[in-house]
Amino acid sequence: MSLRGLDWNRDTVKNIEDGTREVPIAEFFPLVYVLHESLEELFPADLVLELAGGHQAQGETQLGEMLGPRGDATVTPDPLRLGAGLPVARALTDPVGSSDSIEVVLTKGPPGNAEGVTKLADQKAAASLETTVAEVRKLAQRTWGRDVTAERDARVAQRLGDKHVSRRSLQALRGHVTRELLDELRPKIRRRRSKK
5 MSLRGLDWNR DTVKNIEDGT REVPIAEFFP LVYVLHESLE ELFPADLVLE LAGGHQAQGE
65 TQLGEMLGPR GDATVTPDPL RLGAGLPVAR ALTDPVGSSD SIEVVLTKGP PGNAEGVTKL
125 ADQKAAASLE TTVAEVRKLA QRTWGRDVTA ERDARVAQRL GDKHVSRRSL QALRGHVTRE
185 LLDELRPKIR RRRSKK
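Structural data, given as structure tokens:
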């Protein structure tokens, strides 16, 4: 797979399959070649993509517009079409949701049906706070009305505004915001533990 641009091993594949690893959108595109499948097979109509910034895409309707004609096994993603006037495309071209940093979660069913997928930020938050992913999700939902990843992305977008920053600066800002979020959740977890 490394010849096709994917630095994956068996553990990577296992983590993707069990939902403990998210797949950046840039890693989807080489799958056309690795799996020898068409985009239609990789992005079926009932596939839901959750994108950074809280945007979502339904496999057939929006990804088809962004990636090119469907039903043609020879079609590969067209980067020029990623600027299409769709909310999802804006997430891809936005400095916060650039193709380098975009987080994508695959689920089946209608958009908004990704609750069962563990996001990496939620896992890291749970480990840092010495609690479960379920507790982190519950507290994040009560506190901000969304998960840690979505809240982090929203705050980063708010702080950046229209500024374009380097990939490294974006990574540093995301880390800083994540630490702030954990600091907000930490006392709530302590209170919950003291009640038990």
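Residues in the sequence shown are numbered from 5 upward in steps of one, following our numbering. Where a beta carbon is used, it is the ideal one built from N, C-alpha and C, also for glycine.
Check, Outcome
"Counting Cβ pairs, one atom from each stretch, are 3 or more of them under 8 Å apart for the region 190-199 and the region 171-178?", "no"
"If I measure Cβ to Cβ from asparagine 19 and keep anything under 7 Å in the same chain, skipping five residues before and after, which residues do I get?", "Arg25"
"Taking arginine 163 as the reference, give the member of Asp151, Arg150, Arg178 and Thr153 with the closest Cα.", "Arg178"
"Kindly indicate which residue of Glu155, Glu21, Asn13 and Asp11 has the alpha-carbon position closest to the one of arginine 183.", "Glu155"
"Can you give me the start and stop residues for the alpha helix (DSSP H) that glycine 179 sits inside?", "171-199"
"Does the separation of the CB atoms of alanine 144 and valine 152 fall below 7 Å?", "yes"
"Do you know offhand how far threonine 147's Cα is from lysine 199's?", "18 Å"
"Measure the alpha-carbon distance for alanine 138 versus aspartate 166 and round it to whole angstroms.", "34 Å"
"So serine 132 and leucine 186 are supposed to be a Cβ contact under 8 Å. How far apart are they, rounded?", "6 Å"
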